[in-house]
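Trainee: In order, the protein sequences belong to chains A and B. At position 50 of the first sequence the residue is numbered 50 (my numbering), and the sequence of numbers has no breaks. Take the position in the second sequence, starting the count at 1, then add 1000; the result is the number in my numbering. Ideal Cβ placement from N, Cα and C applies to all residues, glycine included.
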Amino acid sequence: RKEVEQDPGPFNVPEGATVAFNCTYSNSASQSFFWYRQDCRKEPKLLMSVYSSGNEDGRFTAQLNRASQYISLLIRDSKLSDSATYLCVVRGAAGNKLTFGGGTRVLVKP
Amino acid sequence: GAGVSQSPSNKVTEKGKDVELRCDPISGHTALYWYRQSLGQGLEFLIYFQGNSAPDKSGLPSDRFSAERTGGSVSTLTIQRTQQEDSAVYLCASSPTLLAGRTDTQYFGPGTRLTVL
């Protein structure tokens, strides 16, 4: 089993709709969680950190469920510019090494 | 300010040749990571440097891969006797260290696209 798993998609989303997807992690001792965004043929960039209480940044909402070992990302009022691959990232209990999921591809269409 | 830079941006080489990829992290960042990403795939961790500590080499796929970081700044990833399966984008990231000794957000360079013919 991979340490961090994501549905590769693609999620085809009408413009203005809401889309949500999850990421599961295998190490229950994982300490920090992040969502990164990667545009085609570009480097990943931090979208948001994920806090235990859940957090929101504009149209983006991230949730952490430690009991079930998953994090989620919800995008409201999707824009064409939201089309990208969303990478789930987990920091383990020891050290600073980050483990990346394979990414979930989102395609927002007019 | 200047971000993470990598060179070359593209490298085409013949099977069996050695290649060196360079990463210049953001000034002051103590942590430096190398990843590789094959077409349509996720990021594969290769190696991690943190200050003067021994690097975490657990992700290096074979002994043909090595990396060094000189003076706590610039890093070079070397691939010896390249194989076609080494073809990928090699990404470098750097990160500042927080007061608690933990690293924070990773800032990625644009990557080096390696093609082994």
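Does B:T1115 come out as helix, strand or coil in the three-state DSSP assignment?
Mentor: strand
Trainee: For chain A, check one thing: does any of its Cβ atoms lie closer than 8 Å to the Cβ of B:F1049?
Mentor: no
Trainee: Does the Cβ of B:V1012 have 16 or more other Cβ atoms within 10 Å, making it buried, or fewer, making it exposed?
Mentor: exposed
Trainee: Are there three or more Cβ pairs, one per stretch, closer than 8 Å when the stretch 1022–1042 of chain B is compared with the stretch 69–77 of chain A?
Mentor: no
Trainee: Tell me whether the beta-carbon of A:S26 lies closer than 8 Å to the beta-carbon of A:R91.
Mentor: no
Trainee: Counting only beta-carbon separations shorter than 8 Å, does B:D1056 have a partner in chain A?
Mentor: yes
Trainee: In whole angstroms, what is the alpha-carbon distance linking B:C1092 and B:F1049?
Mentor: 11 Å
Trainee: Would B:D1086 be called buried (16 or more neighbouring beta carbons within 10 Å of its own) or exposed?
Mentor: buried
Trainee: Just to confirm the assignment, what range does the beta strand (DSSP E) spanning B:T1030 have?
Mentor: Neither: B:T1030 is in no beta strand (DSSP E) and is coded neither H nor E.
Trainee: Using 8 Å as the threshold, is the C-beta distance between B:V1129 and B:R1022 below it?
Mentor: Missing from the structure shown is residue 1129 of chain B; chain B here goes from 1001 to 1117 and no further.
Trainee: Which value, in whole angstroms, describes the spacing of the CA atoms of B:A1054 and B:S1075?
Mentor: 14 Å
Trainee: To be precise: take each residue of the stretch 1033–1044 of chain B, compare its Cβ to all Cβ atoms of chain A, and keep it if any distance is under 7 Å. Which residues remain?
Mentor: Q1041, G1042 and L1043
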